[in-house]
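Trainee:
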Amino acid sequence: MTLDDIRHLQWEDILQWPIQTKAIALAVLIAVMGVVFWLEFVLPEMHQIHDLTVQTQHLKTQIRQEQRVALVLPAYQAQIKVMDHRFQRFLTQLPDRTQIPSLLDNITLAGRSRGLNFELFQPLHRINQRFYQEIPVKLTVTGTYGQLGRFVAAVNALSRIVVFHDLDITRVPYTGKSLAARALSKQKLTMQCTATTYRYLKHKGNTKNG
958 MTLDDIRHLQ
968 WEDILQWPIQ
978 TKAIALAVLI
988 AVMGVVFWLE
998 FVLPEMHQIH
1008 DLTVQTQHLK
1018 TQIRQEQRVA
1028 LVLPAYQAQI
1038 KVMDHRFQRF
1048 LTQLPDRTQI
1058 PSLLDNITLA
1068 GRSRGLNFEL
1078 FQPLHRINQR
1088 FYQEIPVKLT
1098 VTGTYGQLGR
1108 FVAAVNALSR
1118 IVVFHDLDIT
1128 RVPYTGKSLA
1138 ARALSKQKLT
1148 MQCTATTYRY
1158 LKHKGNTKNG
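Read in order, the letters of the sequence shown are residues 958 to 1167 in the numbering used here.
1) Does DSSP put Ile-1118 in a helix, in a strand, or in coil?
2) Taking the CB atoms as reference points, tell me whether Leu-1081 and Val-1094 lie closer together than 8 Å.
3) Name the two residues that bound the continuous alpha helix (DSSP H) containing Gly-1068.
4) Since Arg-1046 and Tyr-1089 are thought to touch, with beta carbons under 8 Å apart, how far apart are those beta carbons, to the nearest angstrom?
5) When you compare only the Cα positions, how much space is there between Asn-1166 and Glu-1091?
6) Taking C-alpha atoms, which residue in Leu-1158, Val-985, Leu-1105, Ser-1116 lies nearest to Cys-1150?
7) If contacts are defined as beta-carbon pairs under 8 Å, then Arg-1071 and Arg-1107 qualify, I think. What distance do you get, rounded to the angstrom?
8) What residue ranges within the segment 1003-1028 form continuous alpha helix (DSSP H) runs of no fewer than 4 residues, ordered along the chain?
9) Provide the residue span of the beta strand (DSSP E) that contains Phe-1078, from first to last.
10) Applying the criterion that 16 or more other CB atoms from any shown protein chain within 10 Å of the CB defines a buried residue, is Val-1109 buried or exposed?
11) Give me the residue from Lys-1159, Leu-1096, Thr-1127 with the minimum Cα distance to Lys-1145.
12) Applying the criterion that 16 or more other CB atoms from any shown protein chain within 10 Å of the CB defines a buried residue, is Leu-1060 buried or exposed?
13) Rounding to the nearest angstrom, what Cα-Cα distance links Ile-976 and Ile-987 in this structure?
14) Using a threshold of 8 Å, state whether the C-beta atoms of Val-1112 and Ile-1064 are closer than that.
15) Compare the Cα-Cα distances from Leu-1158 to each of Leu-1124, Val-1029, Gln-1086 and report the closest residue.
16) What runs of the beta strand (DSSP E), each 3 residues or longer, lie entirely inside the segment 1079-1106?
17) Which of the three DSSP states is assigned to Leu-1124 in this structure?
18) Under DSSP, the beta strand (DSSP E) around Arg-1156 begins and ends at which residues?
19) Is it right to say Val-1039 is buried, meaning 16 or more other beta carbons lie within 10 angstroms of its own, or is it exposed?
20) For Ala-980, collect the residues of the same chain with a Cβ closer than 8 Å to its Cβ; drop the 5 residues on either side in sequence, then sort them by chain order.
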């Protein structure tokens, strides 16, 4: 049977086919219809089901993540409040611009009231960091070991933060002739150091000296 015969095939011709031929033709027709149905209806539905499954899994994962965040959110907020409280309390220990002179006077007073002799009290260039400003002062004081210790303790007890660094303690050279002068000289120490306090900068700026 040629292609032209198939094109001009009539229903009456099909009815005259043998039963075996009709069965084969019916099987082929059913197979073709099945393929068409699969391609036109089943396969698109399967693709859609696959896409929906992927979206569902993604949503489930997102929901689980949000649930975990929701569980830890109260603890996180509480921690933020604690950190903010500590930060605000820390800021109260930093002098503002108007309190710097009085703080430096308090450092001097803490030393002199404990018997120290100030040989050098030299404010250095202030250093701007990202969020704060360093305000260093170079000190040279003379006194006994006990006087130096009480001075450092008194400065640390001030309401404002002051940090001592670059400490260098040496014995005062003996200059007298009497035994009493020699004994007193042996007790004298010279402490050279830098005392630094800090001021909070409300606005960000570039790091520079000034």
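Glycine is no exception: its CB is placed at the ideal position from the N, C-alpha and C atoms.
Mentor: A quick look at the data gives this:
1) coil
2) For Leu-1081 and Val-1094, yes; Cβs fall inside 8 Å.
3) 1057-1069
4) Going by Cβ atoms, the distance from Arg-1046 to Tyr-1089 rounds to 15 Å, so no, they are not a contact pair.
5) Here Asn-1166 scores only 47 on pLDDT, less than 50, and its place in the model is too uncertain to base an answer on.
6) Leu-1105
7) 5 Å
8) none
9) From DSSP, the beta strand (DSSP E) with Phe-1078 extends over 1074-1080.
10) buried
11) Thr-1127
12) Residue environment for Leu-1060: buried (at least 16 other C-beta atoms within 10 angstroms of its C-beta).
13) So the two alpha carbons sit approximately 16 Å from each other.
14) yes
15) Gln-1086
16) 1089-1100
17) strand
18) Bounds of the beta strand (DSSP E) holding Arg-1156 are 1146-1157.
19) exposed
20) none
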